[in-house]
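Shown next, in structure tokens, is the structure this report addresses.
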Amino acid sequence: MREFLKGEDITVLKNGNILGGIISVETQKNSTVYGVKQYMSDSVSCAHTKDEYTVTIEMNVPSREGFLKESRMDSIELKTADGSETYRNCTVKSAWCRHKSADFSILKMVLGCEKREVT
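Be aware that the sequence shown starts at 143, since it is given in the working numbering, and climbs by one per residue.
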């Protein structure tokens, strides 16, 4: 699952509040398989998968307000014409800023999220 959405095609809500200035949003699902091995042997007795979701948001932000005020978010909701996706327990993995003008900068942040709900 990997998709790219333009800012005019999507509404982004952070903890229930609409974020403005969205340029683009990209989502990705990363799965890791863990194997539980038997004692004193190398054979795998069971395996389980852990999913993590990555949301990359690129947006215009006012330069005077600062770029990133918190490193953890309860939820990020992406609403499109097709439906809605909510990502829970999000942590900022990386963020960087590119100055566009004296008043605005472009912030790009990568969020690691634990859960995904689709409606």
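Where is the CB? At the ideal position from N, CA and C, for every residue including glycine.
All values reported here derive from a predicted model rather than from experimental measurement.
Q: Examine the Cβ distances between the segment 174-193 and the segment 228-242 and report whether three or more of them are shorter than 8 Å.
A: no
(Q) Among the candidates Thr261, Ile160, Ser166, whose CA atom is the shortest distance from the CA of Asp224? (A) Thr261
(Q) Let me check one thing: in DSSP terms, what residues is Thr191 bridge-paired to? (A) Val175
Q | Residues that Gly254 bridges to, as DSSP identifies them | A | Thr196, Thr233
Q) Taking the continuous beta strand (DSSP E) assigned at Asp216, which residues delimit it? A) 214-221
**Q.** Bridge partners - Asn159, DSSP secondary structure assignment
**A.** Lys156
**Q.** Identity of the residues DSSP links to Ser226 by a beta bridge
**A.** Lys221
Q: For Asp216, decide whether its Cβ has a neighbour in chain B, counting only Cβ atoms nearer than 8 Å.
A: The chain labelled as chain B is not found in the depicted structure, where only one protein chain is given.
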